[in-house]
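Numbering (this note's numbering), first residue to last: 45 to 339.
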């Protein structure tokens, strides 16, 4: 996740700042966005390290027709995720990427509960920064390999259990409105899991961040994901732990984030994500906290 912090000009009074802030967020709320930062180079021989924790929970879903429904028998699903994400600047143009998640999924209802835990899909990748405009706007391409670190049980799964590859294009940069500093990033990519039924996935995201002052930054963003497969099996609403059986679905999600700069190279961030539309997928909420360190 990319963070920037700049000093706010003192001559911008509190009313002007509040008005800009309101216009900014009103505009963003009309879009389907997700916080997805990191589009600028970390620097040669520099390391961006982000340990994070997230909790996803839901008790409802969208069926194959996009109709919003509740799980049967007051069932609740929860997912705890601990992850480490990193980017290392191999050179000024080339970065190496890696991420490893540990996942614990659980379901509960009257008189019954079940869970499954383990490492999820690790991702290893390389990013090449194609070009920049005045060292302010950057364009890059990234390729990843997805490696499952688990073996699925019957009725319990942590992912699709197959190798995958993806390619994404990223653009990122800064802009100003009335001397106020903003950061944007757009990300579009495709992912193919190497199984007979895939899936093949298309993911798009757009994010905006606003630096309130030297220490505080807020972001609003979102993502859309479309997953296509020859396997048209509906979401297992009686057992959401069986995540590997659902390959044909889509959703749109909004995320709001707050970041606090501890030092120039250290930051904390908090985020709140909400699924807003979907088809054949769970409708839930995610709370996240993370620590950003740049060596």
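Cβ atoms here follow ideal geometry from the backbone N, Cα and C, with glycine treated the same way. Every value quoted in this text rests on a predicted model; they were computed, and no experiment measured them.
**OP:** Using only alpha-carbon positions, find the residue among 122, 332 and 277 that is nearest to residue 152.
**Re:** The option with the nearest alpha carbon to residue 152 is 122.
Subject >> Neighbourhood of residue 36 by C-beta, 6 Å cutoff - its chain only, sequence neighbours within 5 removed >> reply: This structure leaves residue 36 out entirely; the chain is present only between 45 and 339.
Original post:
residue 281 and residue 116 look like a contact to me (Cβ under 8 Å); what is the Cβ gap, rounded to whole Å?
Top reply: Indeed, because the Cβ distance is near 6 Å, the residues count as touching under 8 Å.
Original post:
When you compare only the Cα positions, how much space is there between residue 248 and residue 272?
Top reply: Cα to Cα, the separation comes out at about 15 Å.
Original post:
Whose C-alpha, out of 300, 332 and 97, is nearest the C-alpha of residue 253?
Top reply: For residue 253, the nearest C-alpha among the options comes from 300.
Subject >> Whether residue 285 touches residue 191 by CB criterion (7 Å) >> reply: Taking 7 Å as the Cβ cut-off, residue 285 and residue 191 do not qualify as a contacting pair.
**OP:** Mind checking which residues open and close the beta strand (DSSP E) that includes residue 134?
**Re:** Following the DSSP letters along the chain, one finds residue 134 in no beta strand (DSSP E), marked with neither H nor E.
Original post:
If residue 311 and residue 304 are in contact, beta carbons under 8 Å, what's the gap, nearest whole angstrom?
Top reply: At roughly 7 Å, the Cβ-Cβ gap stays under 8 Å, so residue 311 and residue 304 are in contact.
**OP:** State yes or no: is the C-beta of residue 297 within less than 7 Å of the C-beta of residue 325?
**Re:** Cβ distance not < 7 Å, so residue 297 and residue 325 don't count as in contact.
Subject >> Beta carbon of residue 170 nearer than 7 Å to that of residue 129 >> reply: No, the pair does not count as a contact, with Cβ atoms beyond the cut-off.
Original post:
How many angstroms separate the CA atom of residue 302 from the CA atom of residue 250?
Top reply: The C-alpha of residue 302 lies about 16 Å from the C-alpha of residue 250.
Subject >> Residues near residue 208 by beta carbon distance below 7 Å, same chain, minus five either side >> reply: Taken in chain order, the residues that qualify are 190, 235, 236, 237 and 238.
Subject >> Where residue 117 falls: helix, strand or coil (DSSP) >> reply: Looking at residue 117 - three-state DSSP - the assignment turns out to be helix.
Subject >> Top-ranked residue by Cα proximity to residue 182, from 155, 215, 127 and 279 >> reply: In terms of Cα proximity to residue 182, the closest of 155, 215, 127 and 279 is 215.
Original post:
In terms of residues, what are the limits of the beta strand (DSSP E) holding residue 302?
Top reply: It spans 293-307 - the beta strand (DSSP E) in which residue 302 sits, taken as one unbroken run.
Subject >> Delimiting residues of the beta strand (DSSP E) encompassing residue 84 >> reply: Note, residue 84: premise wrong, no beta strand (DSSP E); not H, not E.
Original post:
How about residue 96 and residue 328: are their beta carbons less than 7 Å apart?
Top reply: Not in contact: residue 96 and residue 328 (Cβ atoms no closer than 7 Å).
**OP:** Measure the alpha-carbon distance for residue 78 versus residue 264 and round it to whole angstroms.
**Re:** Note that residue 78 scores a pLDDT of 33, beneath 50, so its modelled location is shaky and nothing firm can be said.
**OP:** Mind checking who residue 243 pairs with in its DSSP beta bridge?
**Re:** Beta-bridge partners assigned by DSSP to residue 243: none are found.
**OP:** For the beta strand (DSSP E) holding residue 109, just list the boundary residues, first then last.
**Re:** Boundaries for residue 109: no beta strand (DSSP E) harbours it, and the DSSP string shows neither H nor E there.
**OP:** Could you work out which residue in 317, 242, 136 and 138 is closest to residue 289 when comparing CA atoms only?
**Re:** Ranking 317, 242, 136 and 138 by Cα distance to residue 289 puts 242 first.
Subject >> Endpoints, beta strand (DSSP E) assigned at residue 90 >> reply: From DSSP, residue 90 is part of no beta strand (DSSP E); its letter is neither H nor E.
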